[in-house]
Amino acid sequence: MLGICRGRRKFLAASLTVLFVPAITWIYLFAGSFEDGKPVSLSPLESQPHSPRYTASSQRERESLEVRMREVEEENRVLRKQLSLAQARGPAHRHGNHSKTYSMEEGTGDSESLRAGIVAGNSSECGQQPAVEKCETIHVAIVCAGYNASRDVVTLVKSVLFHRRNPLHFHLIADAIAKQILATLFQTWMVPAVRIDFYDADELKSEVSWIPNKHYSGIYGLMKLVLTKTLPSNLERVIVLDTDITFATDIAELWAVFHKFKGQQVLGLVENQSDWYLGNLWKNHRPWPALGRGYNTGVILLLLDKLRKMKWEQMWRLTAERELMSMLSTSLADQDIFNAVIKQNPFLVYQLPCFWNVQLSDHTRSEQCYRDVSDLKVIHWNSPKKLRVKNKHVEFFRNLYLTFLEYDGNLLRRELFGCPSEADVNSENLQKQLSELDEDDLCYEFRRERFTVHRTHLYFLHYEYEPASDNTDVTLVAQLSMDRLQMLEAICKHWEGPISLALYLSDAEAQQFLRYAQGSEVLMSRHNVGYHIVYKEGQFYPVNLLRNVAMKHISTPYMFLSDIDFLPMYGLYEYLRKSVIQLDLANTKKALIVPAFETLRYRLSFPKSKAELLSMLDMGTLFTFRYHVWTKGHAPTNFAKWRTATTPYRVEWEADFEPYVVVRKDCPEYDRRFVGFGWNKVAHIMELDAQEYEFTVLPNAYMIHMPHAPSFDITKFRSNKQYRICLKTLKEEFQQDMSRHYGFAALKYLTAENNS
Numbered sequence: 001m002l003g004i005c006r007g008r009r010k011f012l013a014a015s016l017t018v019l020f021v022p023a024i025t026w027i028y029l030f031a032g033s034f035e036d037g038k039p040v041s042l043s044p045l046e047s048q049p050h051s052p053r054y055t056a057s058s059q060r061e062r063e064s065l066e067v068r069m070r071e072v073e074e075e076n077r078v079l080r081k082q083l084s085l086a087q088a089r090g091p092a093h094r095h096g097n098h099s100k101t102y103s104m105e106e107g108t109g110d111s112e113s114l115r116a117g118i119v120a121g122n123s124s125e126c127g128q129q130p131a132v133e134k135c136e137t138i139h140v141a142i143v144c145a146g147y148n149a150s151r152d153v154v155t156l157v158k159s160v161l162f163h164r165r166n167p168l169h170f171h172l173i174a175d176a177i178a179k180q181i182l183a184t185l186f187q188t189w190m191v192p193a194v195r196i197d198f199y200d201a202d203e204l205k206s207e208v209s210w211i212p213n214k215h216y217s218g219i220y221g222l223m224k225l226v227l228t229k230t231l232p233s234n235l236e237r238v239i240v241l242d243t244d245i246t247f248a249t250d251i252a253e254l255w256a257v258f259h260k261f262k263g264q265q266v267l268g269l270v271e272n273q274s275d276w277y278l279g280n281l282w283k284n285h286r287p288w289p290a291l292g293r294g295y296n297t298g299v300i301l302l303l304l305d306k307l308r309k310m311k312w313e314q315m316w317r318l319t320a321e322r323e324l325m326s327m328l329s330t331s332l333a334d335q336d337i338f339n340a341v342i343k344q345n346p347f348l349v350y351q352l353p354c355f356w357n358v359q360l361s362d363h364t365r366s367e368q369c370y371r372d373v374s375d376l377k378v379i380h381w382n383s384p385k386k387l388r389v390k391n392k393h394v395e396f397f398r399n400l401y402l403t404f405l406e407y408d409g410n411l412l413r414r415e416l417f418g419c420p421s422e423a424d425v426n427s428e429n430l431q432k433q434l435s436e437l438d439e440d441d442l443c444y445e446f447r448r449e450r451f452t453v454h455r456t457h458l459y460f461l462h463y464e465y466e467p468a469s470d471n472t473d474v475t476l477v478a479q480l481s482m483d484r485l486q487m488l489e490a491i492c493k494h495w496e497g498p499i500s501l502a503l504y505l506s507d508a509e510a511q512q513f514l515r516y517a518q519g520s521e522v523l524m525s526r527h528n529v530g531y532h533i534v535y536k537e538g539q540f541y542p543v544n545l546l547r548n549v550a551m552k553h554i555s556t557p558y559m560f561l562s563d564i565d566f567l568p569m570y571g572l573y574e575y576l577r578k579s580v581i582q583l584d585l586a587n588t589k590k591a592l593i594v595p596a597f598e599t600l601r602y603r604l605s606f607p608k609s610k611a612e613l614l615s616m617l618d619m620g621t622l623f624t625f626r627y628h629v630w631t632k633g634h635a636p637t638n639f640a641k642w643r644t645a646t647t648p649y650r651v652e653w654e655a656d657f658e659p660y661v662v663v664r665k666d667c668p669e670y671d672r673r674f675v676g677f678g679w680n681k682v683a684h685i686m687e688l689d690a691q692e693y694e695f696t697v698l699p700n701a702y703m704i705h706m707p708h709a710p711s712f713d714i715t716k717f718r719s720n721k722q723y724r725i726c727l728k729t730l731k732e733e734f735q736q737d738m739s740r741h742y743g744f745a746a747l748k749y750l751t752a753e754n755n756s
């Protein structure tokens, strides 16, 4: 380090020489050009021999000055050459480090030393860390299990991506739930220079299940202990993070701290900022053994290769077994065991400055870790209270966290220029498909939407449901945007069975939905509703993509394809399960039609029976759906026959038919080319007919459409001529595709369209 500083001083001296020598020279020349307090021109045109001021002495002085100037210019040229050579050698010598990092003495627990470390870190050039190469991959390990932790991971990752300048490799130790959620999220996020690997947390349970743990993190809170065994054997170092972490700086600065490890130091940790390990929080408080205040394991730097050589696995197991004989269980999960090991082997730890883990639990000394916002590096919400924790500056920390919580994740899909990315087959296929589109086509935006990859967060809230064992279970499937949230509670009251919903929201709207759901007793009492967030992108509402997402993630053999504006009749769930058996839906290709009605009244006394509905129909309180504006959509249901029907009856497909149906989960998906308003359901019903589904109307089932303001997409359809032209073009192309796919039988769709 001393040699580096001396080299920098020489470098600085050379730079100053280049800057100041010419300045001093010109001052000297300028001063010398004055005679008797008056300036003397150095212009050769004005320095004529016949001038009375032109003397032999002046001539010699002038020649002397000119010689000196040439000497100075030559010296400057040599210095500039040396300076350029030093700059060329600099990156190789310093490994290209241009980011300011901080240091402090190892093992220091005194708060004054912490503050001194901050000041020194902010001011000392010679205290900079060795470099992180521009395209060096930074490895991050996170243990994640369940629905809530998966949401927390997204916020953590956003904060890391926002500041990062290096490729990232996330190692996620996840249970089956978190893996399903996060694998889909990252696959659809498509962030360049980010790699994700999953490790089955359930397979690791046996490694730590013998340790009793009282911490709310449960068995997953112990899994950081087995990372040396879990992560690839060729991985030498990794940053380990809790899910409740928020970064306020480039993670490369933390990665650079590895270069400061010396001797047998293999663990980088921040001192615990509470009095927990001092054992004075309450009477008879008996914590696990720790060195002083102990260390917090929310942020850990692990030198994996050295830990393996030290037989870390054996080390922590023996320590845990010994301490559990008297402690009986852990209170803070892996943190207790890490601290017990460090107590016996203090040489293992390199103490990080406390701003790398500002712990926002009650009664901590976190305020001593920073003097200014610029000092903050990592914020750790390590209290069960999370955002409700008490802290002098908690409002600032909360706003910083909320910034990333609501930040548009699509903006983080930025390339790292100069760093080659690994070949991504999905990304390459997408680029190829987009390149084949004609950007001059007036319907280009419509066609492009079909290939847009929307970031998708499955099971945004806790989901827990086991389908009925009799294989008759039915899931209600629907999609919605923010302006239809008010329908959720009513649907849950009308339909007691499982529900799969795709919500089209921005990141900020997703958080509004979360607060709305958590504040609703009706929604929080239901664990059989799967909420799947599809994040906004592009100018169209991707209605059929949303339907496909909701359809794909059901766990029952049958599904009721509905819309969010409809309330099913009371008891429809049980009625459909009986109909599935009665009509042998398991062994036949049937689509069971639930007749649709509508009301124009926002306050409706919902009919509790078919007889009551017919009475309201006769009185004009209810109407058959879209009778006034789009009769063809539901006319084939044959409402006149339904009024008196007591048994299911079959109807034939007709042009523009778009009923709401119950089908097996293996039915075809909706066609993604149809976005916004128009033909999105019609095309799906047409394909069901092409695949020879039999349409059967249920005589004692019904659903009612509730009134609402017109959607933005229907407004565009009505006001924009080009929108209607493009929709007509897409319809024709769909029909041609049907003819090619299904052959002669599909010609009737072209004929029906021409006759309609």
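Mapped onto the UniProt record's numbering, the consecutive letters of the sequence shown carry residue numbers 1 to 756. For each residue, glycine too, the CB sits at the ideal point set by N, CA and C.
By the criterion of a C-beta distance shorter than 7 Å, Y465 is surrounded in its chain by P498, H527, N528 and S555, once the five residues flanking it on both sides are discounted.
Here the segment 539-555 lies against the segment 449-466, with 3 or more beta-carbon pairs under 8 Å apart.
Per DSSP, the continuous beta strand (DSSP E) segment holding V299 begins and ends at Y295 to L303. For Q264, the closest alpha carbon among the candidates K306, L405, N234 and N166 is that of K306. Assigned with DSSP and collapsed to three states, M703 falls in strand. In the DSSP annotation of this structure, V580 is not part of any beta strand (DSSP E); the continuous alpha helix (DSSP H) holding it starts and ends at L572 to Q582. Distances from the alpha-carbon of L411 to those of L430, E612, Q691 and G538 put G538 closest. When DSSP states are grouped into helix, strand and coil, M559 belongs to the strand group.
The alpha carbon of F606 has as its nearest neighbour, out of H705, Y573, D483 and G676, the alpha carbon of H705.
If you ignore the 5 residues before and after C369, its C-beta comes within less than 7 Å of the C-beta of L114, C354, F355 and V358, all in its own chain and listed in chain order.
Counting only the Cα atoms, K589 lies some 7 Å from E692.
Residue ranges of uninterrupted alpha helix (DSSP H) with 4 or more members, entirely inside the segment 625-666 and ordered along the chain, are 639-644.
Here A141 is buried: its Cβ has 16 or more other Cβ atoms, across all protein chains shown, within 10 Å. Under DSSP, T246 takes part in a beta bridge, and its partners are I379. Residue range K721 to Y742 is occupied by the alpha helix (DSSP H) that includes C726. Per the Cβ contact rule, the segment 256-271 is in contact with the segment 286-304 (3 or more Cβ pairs under 8 Å). Bridge partners of D197 according to DSSP: H171. Segment contact: the segment 175-186 against the segment 144-153, three or more CB-CB distances shorter than 8 Å; contact assigned. In terms of Cα proximity to D242, the closest of V160, K309 and R413 is V160. Distance from the CA atom of D483 to the CA atom of G418, rounded to whole angstroms, is 43 Å. For V341, same chain residues with a beta-carbon under 8 Å away, outside a window of 5 residues either side, are M315, W316, T319 and L348 in chain order.
Out of S562, V299 and L324, the CA that lies nearest to the CA of V663 is found in S562. Taking C-alpha positions only, A591 is separated from L301 by approximately 57 Å. Of D473, N544, S520 and R515, the smallest CA-CA separation from L501 is found for N544. With respect to the C-alpha of Y459, the residue from V534, D671, N429 and A586 having the closest C-alpha is V534. Using a 10 angstroms sphere on the CB of Q351, the tally of other CB atoms reaches 16 or more, which defines it as buried.
With a cut-off of 8 Å on Cβ pairs, the segment 718-728 is not in contact with the segment 606-615, counting fewer than three such pairs.
Listed in chain order, the non-local C-beta contacts of H457 below 6 Å within the same chain comprise L185 and I533, local neighbours out to five positions each way being set aside. Within the same chain, Cβ atoms closer than 6 Å to the Cβ of L476 are found at W495, I499, F560 and S562, the five residues on either side in sequence being excluded.
Looking at the DSSP output, A745 sits in no beta bridge, so it has no partner there. Spatial neighbours of L622 in its own chain (CB-CB distance under 8 Å, excluding positions within 5 residues in sequence) are listed in chain order as F597, E598, T599, P607, L613, M616 and I704. Within a 10 Å sphere around the beta-carbon of R577 sit 16 or more other beta-carbons, which makes this residue buried. With contact defined as three or more Cβ pairs closer than 8 Å, the segment 394-405 and the segment 434-443 are not in contact. With distances taken between CA atoms, M569 lies nearest to N700 out of M325, M487 and N700. In this structure, L291 keeps its C-beta atom at 9 Å or more from the C-beta atom of K224. By the criterion of at least three beta-carbon pairs nearer than 8 Å, the segment 209-228 is not in contact with the segment 131-139.
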